[in-house]
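Participant: Before I ask anything, let me first share the structure, which is written out below as structure tokens.
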Amino acid sequence: MKKKFNPRIKARLRKNRQVLSKNIDNFFGWVKGAKLVELKECNIEEDPVRPELDNNFRTGYGRKIYGVEYLGEIHAVMCFAYTNKVPKSVDELEKLSTDAFLQTAMRDQSGGQIAVAYTVWSKKKGGGKLIVKEVFKKIKKSNHFNRLVTLSPLTDMATKFHERNGAKLIQINETTQNFEYKVL
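Quick note on this note's numbering: the sequence shown kicks off at 318 and runs consecutively.
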């Protein structure tokens with residue numbers, strides 16, 4: 318024999334489902350209106366990955382800062398260097414990005430062929446994944462980038478983040494690891 322739910326319980330379940338659905342939409346609703354912007358600087362104290370790197374380094378030769386902006390506020394940040402080789406350390410990243418910048422400046426091009434993300438962080442749930450997606454779109458549209466690679470710390474959190482977002486580990490270095498996102 319089937320028991321029928323009390324109409325009051327059915328109504329309560331329906332109401333709870335609506336409230337939960339609305340809260341999830343509000344929780345990630347900001348993602349739909351967010352846009353990728355290039356930044357002149359960022360708050361380096363918020364950077365959990367490489368807070369020791371100042372804004373002069375982050376905007377130096379062949380390096381840029383991007384943010385995800387929503388309603389005038391930055392919710393996620395990603396710093397890049399453009400190189401022609403995959404770096405194994407921050408020092409090597411600086412040398413390779415400067416070298417690529419100087420080479421291309423003489424040829425009137427726009428930087429190295431590899432975009433290397435060396436730090437990413439988010440202040441709001443979903444921001445990290447969103448900035449990876451938006452930067453990935455930007456790189457796919459560009460004519461001169463053929464690779465999107467990371468210079469990540471040797472942490473489980475970095476490994477899980479990149480693997481969840483579709484990157485493949487390409488090498489483990491002494492103090493860093495490199496993941497690559499497929500650009501094709």
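Don't be surprised by glycine CBs; every beta carbon is placed ideally from N, CA and C.
(1) Helix, strand or coil, according to DSSP, for F462 in the structure here?
(2) In the DSSP output, what is T376 paired with across the bridge?
(3) Among H479, H461, V385, M474, which residue has its Cα nearest to the Cα of T467?
(4) Mind checking who L356 pairs with in its DSSP beta bridge?
(5) Between which two residues does the alpha helix (DSSP H) harbouring T476 extend?
(6) Can you list, in chain order, the residues of its chain with a C-beta nearer than 6 Å to that of V403? Leave out the 5 residues immediately preceding and following it.
(7) So, is M474 buried or exposed, given that buried needs 16 or more other C-beta atoms within 10 angstroms?
(8) For L356, collect the residues of the same chain with a Cβ closer than 6 Å to its Cβ; drop the 5 residues on either side in sequence, then sort them by chain order.
(9) Along the beta strand (DSSP E) that carries S406, what are the first and last residues, could you check?
(10) May I ask whether a heavy atom of the ligand COA can be found less than 7 Å away from the beta carbon of S439?
(11) With distances taken Cα to Cα, identify the nearest neighbour of F264 among V433, T472, P470.
(12) Among N463, I391, A417, S414, whose alpha-carbon lies nearest the alpha-carbon of G350?
(13) Please classify K499: does DSSP put it in a helix, a strand, or coil?
(14) State buried or exposed for A328, treating a residue as buried only when at least 16 other CB atoms are found within 10 Å of its CB.
Facilitator: Reading it off the structure:
(1) Walking along the sequence shown from the start, residue 462 turns up at place 145. Coil at F462, not helix or strand.
(2) Numbered from 1 along the sequence shown, position 59 holds the residue referred to as residue 376. Paired residue(s): none; T376 is not in a bridge.
(3) Residue 467 sits at position 150 when you count from the first residue of the sequence shown. Per the Cα distances, H479.
(4) In the sequence shown, counting from the first residue as 1, residue 356 sits at position 39. For L356, which the question treats as bridged, DSSP gives the partners I382.
(5) Counted from its first residue, the sequence shown places residue 476 at position 159. Here the alpha helix (DSSP H) through T476 covers 473-481.
(6) Numbered from its first residue, the sequence shown carries residue 403 at position 86. Here the set comprises V466, N495.
(7) Position 157 of the sequence shown, counted from the first residue, corresponds to residue 474. Classification for M474: exposed.
(8) Start at 1 with the first residue of the sequence shown, and residue 356 comes out as number 39. For L356, where only same-chain residues beyond five positions count, the Cβ hits under 6 Å are I382, G384.
(9) Within the sequence shown, residue 406 is the residue found at index 89, counting from 1. DSSP places S406 in no beta strand (DSSP E); its state is neither H nor E.
(10) As for the ligand COA, it is missing from this structure, which has no ligand bound.
(11) The shown model of the chain, from 318 to 501, leaves out residue 264, and the question about it has no answer.
(12) By one-based count along the sequence shown, residue 350 stands at place 33. Minimum Cα-Cα distance from G350 among the listed residues N463, I391, A417, S414 corresponds to I391.
(13) Taking the first residue of the sequence shown as position 1, residue 499 is located at position 182. Collapsing the DSSP output to three states places K499 in coil.
(14) Residue 328 sits at position 11 when you count from the first residue of the sequence shown. Exposed, by the Cβ-count rule.
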